[in-house]
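**Student:** I am attaching a structure below and will ask some questions about it afterwards.
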Amino acid sequence: AQTVTQSQPEMSVQEAETVTLSCTYDTSESDYYLFWYKQPPSRQMILVIRQEAYKQQNATENRFSVNFQKAAKSFSLKISDSQLGDAAMYFCAYRSASAIPLQGGSEKLVFGKGTKLTVNP
Amino acid sequence: DAGITQSPRYKITETGRQVTLMCHQTWSHSYMFWYRQDLGHGLRLIYYSAAADITDKGEVPDGYVVSRSKTENFPLTLESATRSQTSVYFCASRPRGGRQFFGPGTRLTVL
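Residue numbers (the numbering used here), protein chains in the order written: chain A, 1 to 121; chain B, 1001 to 1111.
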């Protein structure tokens, strides 16, 4: 079964600075998706960024970018020019892209335990 | 409005009572999911459904029952609530191969 690990329970960053959140995962599949979700105090789950494993180019969404290292099974999120509104829980998630479940893979999202990001003014 | 909704948003119940959490989506998405969120555990999958009348267990299914007679609805029932089921519950839906959307969550307290 796939697992997702976020080794940093909490992180903090100064406003306007850059912060990187770590995520590693374990899978035997070659085709999959990786996601970062943001959960502010409102509890709403917001998709921040998505990466397809077959794409070598790292995904970018405005101030958010990822460093996807497929061989190392690493998927970190970089937030540039941090803003107070970036304060939230951030979850890394994995989903198989295979149409046929492979070694327990499926179309379910598997989440890490989250990293709480604090942005200091 | 189109989207995914959950009801109730807050619920307090007692140990041993049956509780049903409702989830409704207006997109006709094939897949629907129920997660629970607890401190230190992230989101854990309880049950999911690939289509109407097709459901399967997730990571933590014990004590829960689901049904999906209609594509748009995916209720989650706690047959005999326990204190360990105090949690925030999220419903989600997505089309096959598409982006997943989450409901606003239901905070359930079991006394």
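Each residue gets a CB set at the ideal place from its N, CA and C atoms; glycine is no exception.
Determine which residues of the stretch 1083-1096 of chain B have a Cβ less than 9 Å from any Cβ of chain A, and write them out in chain order.
**Tutor:** Residues V1088, F1090, A1092, R1094, R1096.
**Student:** Who pairs with G1042 (chain B) in a beta bridge, going by DSSP?
**Tutor:** DSSP output for G1042 (chain B) lists B:D1038 as bridge partner(s).
**Student:** For G114 (chain A), count the other beta carbons within 10 Å of its own beta carbon; 16 or more makes it buried, fewer makes it exposed. Which is it?
**Tutor:** G114 (chain A) comes out buried.
**Student:** Measure the CB-CB distance between P1104 (chain B) and Q1025 (chain B) and report whether it falls below 8 Å.
**Tutor:** It is not a contact, given that the beta carbons lie outside the stated cut-off.
**Student:** Could you check what DSSP says for Q1085 (chain B) in three-state terms: helix, strand or coil?
**Tutor:** Helix at Q1085 (chain B).
**Student:** Which class does D1056 (chain B) belong to by DSSP, given the choice of helix, strand or coil?
**Tutor:** In this structure, D1056 (chain B) counts as strand in the three-state DSSP scheme.
**Student:** By the 10 Å Cβ neighbour count, where 16 or more other Cβ atoms means buried, how is Y90 (chain A) classified, buried or exposed?
**Tutor:** Buried, because 16 or more other Cβ atoms sit within 10 Å of the Cβ of Y90 (chain A).
**Student:** Under the three-state reduction of DSSP, which class applies to L47 (chain A): helix, strand or coil?
**Tutor:** Reduced to three states, the DSSP call for L47 (chain A) is strand.
**Student:** Which same chain residues end up closer than 6 Å to P125 (chain A) when comparing Cβ atoms and leaving out the 5 residues on each side of it in sequence?
**Tutor:** This structure does not reach residue 125 (chain A), given that chain A is present from 1 up to 121, and the question cannot be answered.
**Student:** Taking T1106 (chain B) as the reference, which of B:R1094, B:S1087, B:R1017 has the closest Cα?
**Tutor:** Cα-wise, what sits closest to T1106 (chain B) is B:S1087.
**Student:** DSSP state of L102 (chain A), grouped into three classes?
**Tutor:** At L102 (chain A) the pLDDT is 44, less than 50, meaning the model places this residue with poor confidence and gives no usable figure here.
**Student:** Buried or exposed: where does G112 (chain A) fall if 16 or more other Cβ atoms within 10 Å of its Cβ makes it buried?
**Tutor:** G112 (chain A) comes out buried.
**Student:** Do you know how far the Cα of S65 (chain A) is from the Cα of L102 (chain A)?
**Tutor:** With a pLDDT of only 44 at L102 (chain A), under 50, the local geometry of the prediction cannot be trusted, and no value is derived from it.
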